[in-house]
Amino acid sequence: VDHRHRASSALGLLDHAMSLLLESNLILLRHGQSVWNSEPSRFTGWCDVPLTVKGRVEAVSVGQLLRARGFRAANVDVAFTSELQRAHETCELALASMAGHEQDTWSSERIRRDVRLNERHYGAVQGLYKDD
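Under our numbering, think of the first position of the sequence shown as 629, with each following residue one higher.
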């Protein structure tokens, strides 16, 4: 009887986990325009260049679009970005915009940086103009 109870409990837990998984959403964003990928464009790679004003506006706009489509920052469990500031700032701005007036429900502590999400490293051509 004890084994049946454990099996039943395990199946119940598995059903619950699967229902959460099926209700999950994965949102993928690229960073907003950065100083080096505005005109004329450069190979940026791992160079940590900032967003332009346009890039910041893009990040806020995507947050507003997601909110308009029913997504809420309070429901975001975790956000992953590269280690580069342009990606991290895009994420912060988008989530703050997505939160709207509910900003107290979103914490930037849920943003995780991971080097594996960095753009490719262009080596010797980093910083060079793409037209060169």
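Note that beta-carbon positions come from the ideal geometry of N, C-alpha and C, so glycine has one too. What you are looking at is a predicted structure, and each value in this text was computed from that prediction instead of being measured.
Q: Please check the pair L679 and R714, which I expect to be a contact at CB under 8 Å, by giving their CB distance rounded to whole angstroms.
A: Numbered from 1 along the sequence shown, position 51 holds the residue referred to as residue 679. Numbered from 1 along the sequence shown, position 86 holds the residue referred to as residue 714. Right, their Cβ atoms sit about 5 Å apart.
Q | Endpoints, beta strand (DSSP E) assigned at R684 | A | Here residue 684 refers to the residue found at position 56 when the sequence shown is read from its first residue. It is not in any beta strand (DSSP E) - R684 instead sits in the alpha helix (DSSP H) that spans 681 to 696.
Q) Would the beta-carbon of G673 fall within 8 Å of that of R741? A) Along the sequence shown, one-based indexing puts residue 673 at 45. Along the sequence shown, one-based indexing puts residue 741 at 113. It is not a contact, given that the beta carbons lie outside the stated cut-off.
Q | Proximity to G849 [Cα-Cα], best of F671, L745, C719 | A | Nothing about residue 849 can be reported from this structure: the residues present for the chain run from 629 to 760 only.
Q | H729 versus S669, R700, F671, residue with shortest Cα-Cα distance | A | Counted from its first residue, the sequence shown places residue 729 at position 101. Considering only alpha carbons, the answer is R700.
Q: Please state if the CB of S725 and the CB of G691 are separated by a distance shorter than 8 Å.
A: Taking the sequence shown and counting its residues from 1, one reaches residue 691 at position 63. Taking the sequence shown and counting its residues from 1, one reaches residue 725 at position 97. Cβ distance < 8 Å, so G691 and S725 count as in contact.
**Q.** Cα-Cα separation, P668 to K758
**A.** By one-based count along the sequence shown, residue 668 stands at place 40. By one-based count along the sequence shown, residue 758 stands at place 130. Approximately 8 Å between the Cα atoms of the pair.
**Q.** Classification of L641 by the beta-carbon crowding that lies within 10 angstroms, buried from 16 upward
**A.** Against the sequence shown, residue 641 aligns to sequence position 13. Looking at its Cβ environment, which holds fewer than 16 other Cβ atoms inside 10 Å, L641 is exposed.
Q: Measure from the alpha carbon of N665 to the alpha carbon of each residue in L656, L654, V677, then state which is nearest.
A: Position 37 of the sequence shown, counted from the start, is the residue given in the question as residue 665. Selected option, being the one with the closest Cα: V677.
**Q.** Length of the line joining the Cα atoms of V753 and L657
**A.** To locate residue 753, count along the sequence shown from 1; it is residue 125. To locate residue 657, count along the sequence shown from 1; it is residue 29. Spanning the two alpha carbons is a distance of roughly 25 Å.
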